[in-house]
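**Student:** Chain order of the listed sequences is A and B.
Heads up, the first sequence stops at 512 in this note's numbering, and the numbers go up one at a time, no gaps.
Heads up, the second sequence stops at 1097 in this note's numbering, and the numbers go up one at a time, no gaps.
Beta carbons: idealized from backbone N, C-alpha and C, even for Gly.
Given the structure is predicted, the values throughout are model-derived calculations rather than measurements.
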Amino acid sequence: MAKLPLEGLRIVALPVVFAGPFATMLLADLGAEVILVESVHHFPTITRGYMPKPPQFLVPTTGATFGGSGGIQTYVNHWAGDRPWDRFVMFHALGRNKISCCLDLTRPGGVEVFKRLIKVSDVFFESNAAETMEKLNLTYDVLKVVNPAIICLSMPGLGCTGPHKYCSVFGAQLQALAGHTWLTRYPDLDYTTTQSLIFHSDAASGAIAAFAILCALCYRKRTGKGQFIDLSQLESVIPHLGEAIMDYTMNSRVQEPLGNRHPFMAPHGVYRCLGEDKWVAVSVSSEEEWKKLCRALGDPPWSEEERFSTPLNRLKNQDELDKYIEEWTCRHDNYEVMYILQRAGIAAGPVLDQRDAFHDAQLTSRGFFEQVSHREAGTHLYPGMLWKMGKTPISIRKPPPCLGEHNDYVFKEVLGMSDGEIAELEKDKLIGGDEYLIESIF
Amino acid sequence: MMEQALSGVKVLDLTWHIAGPYCTKLLADYGADVIKVERPGIGDPARAIGPFFKDEPNPERSGLFLHLNTNKKGITLNLKSATSKKIFKQLIANSDLLVESFSPHVMPGLGLDYQTLEKVNPRLVMVSISSFGQTGPYRDFKASEIVEYAMGGEMYSTGTAGREPLKLGGNVIQYQSGTVAAVATLGAFYAAEFQGIGQHVDVSIMETQAGTADRRIMYILSYIMAGVITTRWPPPREAVRMLIMPQGVYPCRDGFVNTLSLPQWWSRYIEALGMPELKDDPRFQNIYSAEAGMEFDAIWYSWLADHTKEELFNIFLKSKIASAPLNNAEDILKNPHLKEREYFVEINHPETGKVIYPGAPFKMSESPWQIKYPAPLLGQHNEEIYLDLLGYTKEDLVKLREGGII
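(1) Please classify A/Asn404: is it buried, with 16 or more other beta-carbons within 10 angstroms of its beta-carbon, or exposed?
(2) Could you tell me which of B/Arg923, B/Val790, B/Asp746 sits nearest to A/Leu422, measuring between CA atoms?
(3) Can you find at least 3 beta carbon pairs, one from the segment 475 to 492 of chain A and one from the segment 885 to 902 of chain B, that sit closer than 8 angstroms?
(4) Just to make sure I have the definition right: I need the residues of chain A whose C-beta is within less than 9 angstroms of the C-beta of B/Met846. Which are they?
(5) Could you confirm whether any beta carbon from chain A is found closer than 8 angstroms to the beta carbon of B/Ala710?
(6) Taking A/Phe240 as the query, report the chain B residues whose CB atoms sit under 9 angstroms from its CB, ordered along the chain.
(7) Can you name the residues that DSSP bridges to B/Val675?
(8) Would you please verify whether the beta carbon of B/Pro799 is less than 8 angstroms from any beta carbon of chain A?
(9) Listing by chain order, which chain A residues have their CB less than 8 angstroms from the CB of B/Met897?
(10) Report the CB separation of B/Pro731 from B/Thr767 in whole angstroms; it is logged as a contact under 8 angstroms.
(11) So, using beta-carbon positions, are B/Leu1124 and B/Ile783 closer together than 8 angstroms?
(12) Less than 8 angstroms between CB atoms is the rule here; does A/Val86 satisfy it with respect to chain B?
(13) The beta strand (DSSP E) with A/Val107 in it runs from where to where?
(14) Less than 8 angstroms between the C-beta atoms of A/Ile395 and A/Pro333, yes or no?
(15) May I ask you to verify whether the segment 905 to 915 of chain B touches the segment 104 to 115 of chain A, counting CB pairs closer than 8 angstroms and requiring at least 3?
(16) What residue range does the beta strand (DSSP E) around A/Phe194 cover?
(17) Okay, do the segment 295 to 312 of chain A and the segment 108 to 127 of chain A touch, 3+ Cβ pairs below 8 angstroms being the bar?
(18) Please report how far the alpha carbon of A/Arg157 lies from the alpha carbon of A/Thr144, in whole angstroms.
(19) Would B/Gln938 and B/Thr921 be called neighbours here (beta carbons separated by less than 8 angstroms)?
(20) Hey, would you say B/Leu718 sits closer than 8 angstroms to B/Ala875, going by beta carbons?
(21) Grouping DSSP H, G and I as helix and E and B as strand, with all else coil, what is B/Thr715?
(22) Contact check, A/Gln265 vs B/Pro925 under 8 angstroms by CB: the rounded distance?
(23) For A/Gln424, is the classification buried or exposed, using 16 other Cβ atoms within 10 angstroms of its Cβ as the cut-off for buried?
(24) So B/Leu703 packs on B/Ser786, CB below 8 angstroms; how close in whole Å?
(25) Using CA atoms only, rank isn't needed, just tell me which of B/Gln825, B/Glu1075, B/Gly946 is closest to B/Val894.
(26) Measure the C-alpha to C-alpha separation of A/Leu208 and A/Gly296 and round it to an integer number of angstroms.
(27) Could you give the first and the last residue of the continuous alpha helix (DSSP H) run that contains B/Glu898?
(28) Just tell me which of A/Pro154, A/Asn198, A/Ala282 has its CA closest to the CA of A/Pro85.
(29) From the beta carbon of A/Thr449, is the nearest beta carbon of chain B less than 8 angstroms away?
(30) For the segment 159 to 182 of chain A, enumerate the residues whose C-beta is nearer than 9 angstroms to any C-beta of chain B, in chain order.
(31) Could you have a look at A/Phe136 and say whether DSSP puts it in helix, strand or coil?
(32) Mind checking the segment 793 to 818 of chain B against chain A and listing, in chain order, the residues whose C-beta falls within less than 8 angstroms of any C-beta there?
(33) Please list, in chain order, the chain B residues whose beta carbon lies closer than 8 angstroms to that of A/Val324.
(34) What are the boundary residues of the beta strand (DSSP E) that A/Ala351 is part of?
(35) For the structure I just gave you, are there three or more beta carbon pairs, one from the segment 280 to 293 of chain A and one from the segment 1037 to 1049 of chain B, closer than 8 angstroms?
(36) State the CB to CB distance for the pair B/Asp746 and A/Phe269, rounded to an integer number of angstroms; the pair is presumed to be in contact (CB under 8 angstroms).
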């Protein structure tokens, strides 16, 4: 029986919010043992909720809440329960296949235990603000003395050096700094009325951080050497906008936002369909596809008009063209439009809301959703693996960990501590515990 | 030259457009030897997509292609003939990894499916990147950036309430799925190298998006676990306000800033604005008050209007408020922080001369990102690969060329 690709590797992680948890999730999916080091003295805002014990009136019951972030604040079945941090959906989304122990890194006794853990680990991963590890005095310089072969990755927003390294940023700000917000706008609205609450930078830097660890693991396997990885989330997302950067460096042109349109494809956009808030995305990339589209729509008279006769004319007269297409899409269900146009050989697909995505035929037929039973949350289907592997099949092996769920495993089995030693550290509240000892940071 | 993380890893690259080439660019920039196989005469379709150097359409001057294909060696090979399949299998025998991004029916149609190639090289890792995956009812469907974001990504909640869902700018879904594919590729490589297991990896762009943070994976799970549908939201001024402090995009003197607020930051705002007196102002004693938020907006908007985005950035940097200007490409190229970190790189290419490109997505202390050579001209390395690597003669090469094979 083949082992999982990263089986036998141990990653100690202090990931927060989106990007870091996403990166460590990908590594855990590949079979690494990812140990989250949490603390019962410090509540990780956003990662495990907005406060340790939110009053029930602050637990949203619909998607339309708090700054419009909707599903960002959801608790399982809208009930925070006795252990809200174990019922926070965001943590569930990215917590699978990881384990959790609790350790106070702000006091010497906790640091001592942490260093013992580093000694028996392969990777230390953290995604905090640049000053966090410096304040804890747990930078690479310190950790490599403990374990010379350790791979350390830090991914503060703007990296570990430079004049703005202490800048406080979340996805929204990284997105703005990287030039992505600039390019994401309705052409007829300005930036203050275009609401964009999807932050690509987390998707970008989370994935590349997992890649970075794999690069370092390959290098270490060959040479025996560990190293430090300085990952600036800003720098990891800029290559995703390479065309816009190159247009400026080659042609001094500052690209402007196109909304749902495309530099040379037309029609290209999102069109209203039958039903409440239902839409379909369509893009036509060639003259051949345009002819197929006309045929699929029953060769309507407008499709013969001079103003739509060439790609350039269609690009120029897109407003009128889009109206005609929407007249047709409006009469159909969005999946129906997909099937009609795909059969004709045209790229088209519904804008899937979360319910549609959960029931989508492609995702379900490939077994994307996997059943998970969780001590505090019950049994649900979760979104699963991002790719499929033929001979080392990856899957959700473990539910997202409850706070401190694996204290025993980590302290006894991994570190080989005696019961007496553990009792001593527990008495000082340096290790252990499965609930926060602070009320609220607000 | 320092040894790189992936030095010695041999990659055969059959990818085209953006997602696949970005995956293999990551491998190449961190040291892998990547041989990019293109169709004779035409090459990667990305060569036909702009922006072009000096706006001159030319397959060797596409900024998109140049950006995505650094550090790769380029050969041409028409995969359809029997001779070329023999050549292809020689290349496979010489490779650790094969990455391809054709529609799922193409490789089996050419007789070059994994089952066949595995016999040539049992430790081969073959990575197939496609829009919907190698199986399932949509496997042969066509897609594009906007369709993939609509179906796989979180387009439904991107944009403003009352308007149509909005695409993210550029081709970021392609880049991100290429990055996820690179994770899958190296994961499988690790198993091949250290456990001796070759295998086929099936990357569906739709799944790379449905399983990705920020925020599709969480919003789907919010629906599953609590029935929540997350949709598009009104802009900051019309949205229901939960906090006294601003949230979202606001105008300043010469542009816009995006600001985020956490409840515990009220004192930082007062400090940033240089208005300590607000601390005791009776209007602002409840930070969860929407009404107070409207009052505060009046102060906030006029203060922003007095400051440039650069001034604001420096103030927020000092006060530790998460707020940043909306940069465009010009702002980014001039950014002092990126300059100090030597982020951008200059690459010399025979058709364009020296041009500035985006640099390393992360810095490794021992095995750095490096540019060894620019993107290949179409068929630039035919002689090197066919003669030196595969042992063909110059006469063979002439015949192959005449046969339209290379």
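**Tutor:** Put simply:
(1) buried
(2) B/Arg923
(3) no
(4) Ile268, Val340, Trp349, Ala351, Val421, Leu422
(5) no
(6) Leu951, Ala1013
(7) Only positions 692 to 1097 of chain B appear in this structure, which leaves residue 675 of chain B out of reach.
(8) no
(9) Gln432, Leu433
(10) 4 angstroms
(11) One cannot answer for residue 1124 of chain B here, as it falls past the ends of chain B, which runs 692 to 1097.
(12) no
(13) 103 to 108
(14) no
(15) no
(16) 193 to 196
(17) no
(18) 9 angstroms
(19) no
(20) no
(21) helix
(22) 7 angstroms
(23) buried
(24) 4 angstroms
(25) B/Gln825
(26) 16 angstroms
(27) 896 to 901
(28) A/Asn198
(29) no
(30) Val159, Met160, His162, Ala163, Leu164
(31) Since pLDDT at A/Phe136 reaches only 47, below the 50 mark, its modelled position is unreliable, and the value read off the structure follows with that caveat. It is helical.
(32) Tyr805
(33) Asn1019, Ala1020, Glu1021
(34) 349 to 353
(35) no
(36) The Cβ separation is near 32 angstroms, so there is no contact.
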